[in-house]
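Enquirer: My structure is below; once you've seen it, I'll send some questions.
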Amino acid sequence: MIEKQRFLLNLIENKRMIFLFKKYFSDTTETNNNEKVTHFGYKTIKESDKVKEVYTVFEKVANSYDQMNDAMSFGIHRIWKDIFIQRLGPTHGSKLLDSAGGTGDITFRYLNYLKNTLNHQNLKSSVTVCDINENMLKVGKDRIKKLGWINQNNVEIDWQQSDAENLPFKK
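If you want the numbering used here, it's the 1-based position in the sequence shown plus 219.
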């Protein structure tokens, strides 16, 4: 089992390197009026329109995002999220900020981890899920209601629509 986990972590790391390579060496050019353009899928768009385009994509796929993640990663995303929470090892009384956490995958793992850990001192924990996309947050909120996790088990859950590049929290 450890060999399989090591293989999957290496695979994830390789995908991350490919993403970084594409990000830093992507084909961004300037138009005649000095406005930068970039590629989005199969089309070339103004760089200033990219945030809006990304938002629209996630708005459209919010209800099927988790299934798409399963299909595109062959379920590997579930493994790395489990490993992430295990390595994080949250304790009761902790606070988690799940940035770009829309559908709540990391949040649910955090909640389940705490649920399966003794809380001798009856400490209150919290998680703030923030995502720029309202539809992604709605999917997460609906899931949490369906699973019965509405501010129970000494864990407070807060959902906030916000941009990960400009979080509204005090430093």
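Backbone N, C-alpha and C define an ideal beta-carbon position, used for all residues, glycine too. Computed from a predicted structure; not experimentally measured.
Kindly indicate which residue of W378, N352 and P387 has the alpha-carbon position closest to the one of V280.
Expert: Here residue 280 refers to the residue found at position 61 when the sequence shown is read from its first residue. Nearest of W378, N352 and P387 to V280, Cα basis: N352.
Enquirer: In terms of residues, what are the limits of the alpha helix (DSSP H) holding D382?
Expert: Residue 382 sits at position 163 when you count from the first residue of the sequence shown. That residue, D382, is in no alpha helix (DSSP H); it is neither H nor E in DSSP.
Enquirer: Could you pull out every residue in the same chain whose Cβ sits closer than 7 angstroms to the Cβ of D350, ignoring the five residues on either side in sequence?
Expert: One-based indexing of the sequence shown puts residue 350 at position 131. A319, G320, G321, L356 and Q380, listed in sequence order.
Enquirer: If we count the other Cβ atoms within 10 Å of its Cβ and call it buried at 16 or more, is F388 buried or exposed?
Expert: As a working note, residue 388 is residue 169 in the sequence shown. The residue in question, F388, is exposed, as its Cβ has fewer than 16 Cβ neighbours within 10 Å.
Enquirer: Which whole-angstrom value is the C-beta distance of Q332 and L315, which I expect to be below 8 angstroms?
Expert: Within the sequence shown, the letter at position 113 stands for residue 332. Within the sequence shown, the letter at position 96 stands for residue 315. Before going on, a small fix: residue 332 reads as Tyr here, not Gln. With 8 angstroms as the limit, Y332 and L315 do not qualify as a contact, their Cβ atoms being about 10 angstroms apart.
Enquirer: Excluding the five sequence neighbours on either side, which residues of its own chain have a C-beta within less than 8 angstroms of the C-beta of N253, listed in chain order?
Expert: As a position in the sequence shown, residue 253 is number 34, starting the count at 1. Closer than 8 angstroms at Cβ, skipping near neighbours: no residue.
Enquirer: Just checking my contact of N346 with D317 at CB under 8 angstroms: how many whole Å lie between their CB atoms?
Expert: Indexing the sequence shown from 1 puts residue 346 at position 127. Indexing the sequence shown from 1 puts residue 317 at position 98. The sequence as given places Val at residue 346; Asn does not occur at that position. That pair is a contact at about 6 angstroms.
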